[in-house]
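Trainee:
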Amino acid sequence: ETGVTQSPTHLIKTRGQQVTLRCSSQSGHNTVSWYQQALGQGPQFIFQYYREEENGRGNFPPRFSGLQFPNYSSELNVNALELDDSALYLCASRGGWSETQYFGPGTRLLVL
Amino acid sequence: GDSVTQMEGPVTLSEEAFLTINCTYTATGYPSLFWYVQYPGEGLQLLLKATKADDKGSNKGFEATYRKETTSFHLEKGSVQVSDSAVYFCALSLPGNQFYFGTGTSLTVIP
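Chains as they are written, first to last, in the numbering used here: chain A, 2 to 113; chain B, 135 to 245.
1. Which two residues bound the contiguous beta strand (DSSP E) that contains TYR200 of chain B?
2. Which class does SER219 of chain B belong to by DSSP, given the choice of helix, strand or coil?
3. Tell me the DSSP secondary structure of LEU178 of chain B in three-state form.
4. Tell me, which residues are paired with VAL145 of chain B by DSSP?
5. I'd like to know if ASN156 of chain B contacts chain A, where contact means its C-beta is closer than 9 Å to some C-beta of that chain.
6. Roughly how many whole angstroms lie between the Cα atoms of GLY41 of chain A and LEU226 of chain B?
7. For VAL112 of chain A, report the span of its beta strand (DSSP E) as first-last.
8. CA-CA distance, LEU209 of chain B and GLN215 of chain B?
9. Counting only C-beta atoms, is SER8 of chain A closer than 9 Å to chain B at any point?
10. Determine, for VAL138 of chain B, whether the minimum Cβ-Cβ distance to residues of chain A falls below 9 Å.
11. Taking the DSSP output, what are the residues bridged to GLN38 of chain A?
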């Protein structure tokens with residue numbers, strides 16, 4: 002069984018640019034969530050997708066957007082990058098109404 | 135709102151010492167509770183979970199009991215090893231909803 006994978010592993014961008022992060026969910030999992038983890042902090046919920054529809058969102062501005070594809074993989078897009086967007090971005094997947102989420106290794110984004 | 139309050143670190147212990155990391159929660163409804171572990175440079179790994187009151191989750195010598203009366207889910211291990219050095223996160227989830235994480239507790243075990 003393949004776990005959650007994310008790409009790229011590291012990324013450096015400059016302020017004002019746009020970035021796309023990718024996530025492949027664990028086999029059979031139809032729900033994907035994205036989290037932002039700032040250095041020394043716990044993960045903060047960005048949004049969740051279930052069967053290609055956003056069905057939950059945390060306290061993040063609209064410049065954070067996402068997509069989920071028919072194969073349940075997902076993208077996180079961030080426009081107009083700010084220095085404070087520098088963080089580890091984690092993707093997690095789960096199946097149906099299972100409470101347990103399985104996390105990918107994350108993408109570390111640095112905004113200069 | 136739903137939230138998790140976690141014991142602040144960092145925690146430094148000698149090998150074979152007893153570990154407790156405190157976690158309390160606030161939730162509307164009946165959450166599931168989790169402990170995740172994060173090793174340096176890696177994502178989060180599920181350590182253990184409990185889905186209802188009085189359940190005990192256990193894995194790799196770690197244990198935590200879901201205490202509804204004290205709204206707690208403290209993590210314990212009787213004898214820590216150097217390889218247990220990591221950051222530990224307590225989290226809660228309501229069915230179909232997001233996870234709420236604590237701020238994490240960094241554990242360093244010295245030989």
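Note that CB positions come from ideal geometry on N, CA and C, so glycine has one too.
Mentor: The relevant details are as follows:
1. No beta strand (DSSP E) contains TYR200 of chain B, which DSSP labels as neither H nor E.
2. coil
3. strand
4. B:LEU241
5. no
6. 19 Å
7. 108-112
8. 15 Å
9. no
10. yes
11. A:LEU89
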